[in-house]
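> One structure is given below, represented as structure tokens, and several questions about it will come after.
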Amino acid sequence: MATNTQKREFVNRLAPIAQKAYRQFGKPLPSICIAMAAVECRWGLAGSCKYNSYLGQKVGTGKTATRYWKGKYFNARTQEVVNQSTGQLVTIKDNFRAYDSLEQCVFNYYELLNTSLYKRVLSGSGHEEQMRQIKACGYMTSVTEVNTCLTIIRENDLTQYDRAVSGGGASEGSGERYYPAAGYQGNSIVEALACIGVDSSYGYRKRIAQENGIAGYSGTSQQNGRMLELLKGGRLVKVQGG
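Take 12 as the starting number for the sequence shown in our numbering and just add one per residue.
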């Protein structure tokens, strides 16, 4: 069982990497990554850590989320819940992804959670909702892991690492580069921009899209949805010069 000192050292090691990955991908929040890693690798004490496997990523098909994973793996026993109603467990052996570094592992985790498999995990959601969304998408079978992670987040004040990189608490000058994260909960980029006092006309949205690498903007639902996702995550780049 990890001591308080070991837990602090684990968080201090993982937090800056999770924040770095969040800045690139936008979801999930750093607190979730840290808490899930604490559960999956027992605060860095599990044998999987010698393979830099801190977040329990399985090989799967081996074709999804491969930018930060070079094909290495190891075989290990794991427990899976086979009945969500009763919590019945079975022990199986499975192949897990191995990495050259902790950073590779964390970035591969973020890469995976930004694939279509996890499209239900919304960047604008709070940490509690994101945890439930990750569970619903099938990352873990455990019936207790969501609540365990939420307890870890609360007891270790892990949301401080979220505040540092999202919305009004963003660091590294992001408040000047990005529009403030919208607290808007709907599905309209027009309404979301209006909520933060930004011109939401088609012409201005086209300029915003260009600034954010969305080529050939024509107001499609996919283009607007991408801008809304960036805005809710506090990562929508401002139009330069107003």
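All C-beta atoms in this analysis are idealised placements derived from N, C-alpha and C, irrespective of residue type, glycine included.
#1: When you compare only the Cα positions, how much space is there between Leu40 and Tyr33?
#2: Compute the Euclidean distance between the alpha carbons of Arg218 and Val250, then round it to the nearest angstrom.
#3: Please give the ranges of any beta strand (DSSP E) in the segment 141–218, keeping only runs that are unbroken, at least 3 residues long and fully inside the region.
#4: Measure the CB-CB distance between Phe36 and Tyr121 and report whether it falls below 7 Å.
#5: Would DSSP call Ile103 helix, strand or coil?
#6: Going by DSSP in three states, Val248 sits in which element: helix, strand or coil?
#7: For the pair the segment 102–122 and the segment 79–88, tell me if three or more CB-CB distances fall below 8 Å.
#8: Would DSSP call Tyr84 helix, strand or coil?
#9: Just the Cα atoms here: how many angstroms apart are Thr155 and Met47?
#10: Am I right that Leu66 and Ile45 are in contact with their C-beta atoms under 8 Å? What's the rounded C-beta distance?
#11: Beta-carbon within less than 6 Å of Arg254's beta-carbon, same chain only, minus the 5 sequence neighbours each way: which residues are those?
#12: Spatial neighbours of Glu183 within its chain, please: CB distance less than 7 Å, with the 5 preceding and 5 following residues excluded, ordered by chain position.
#13: Indicate the three-state DSSP secondary structure (helix, strand or coil) for Thr89 in the structure shown.
#14: Arg53 by DSSP, collapsed to three states: which one?
Working from what's here:
#1: 7 Å
#2: 7 Å
#3: none
#4: Yes, the Cβ-Cβ distance between Phe36 and Tyr121 is below 7 Å.
#5: Of the three classes helix, strand and coil, the one that applies to Ile103 here is strand, per DSSP.
#6: strand
#7: yes
#8: strand
#9: Roughly 12 Å separates the two Cα atoms.
#10: Not really, about 10 Å apart at Cβ, beyond 8 Å.
#11: Limits of the chain in this structure are 12 at one end and 253 at the other, which puts residue 254 out of reach.
#12: Confidence is the limiting factor: at Glu183 the pLDDT is only 36, short of 50, which leaves the residue's position unreliable and the question unanswerable from this model.
#13: strand
#14: coil
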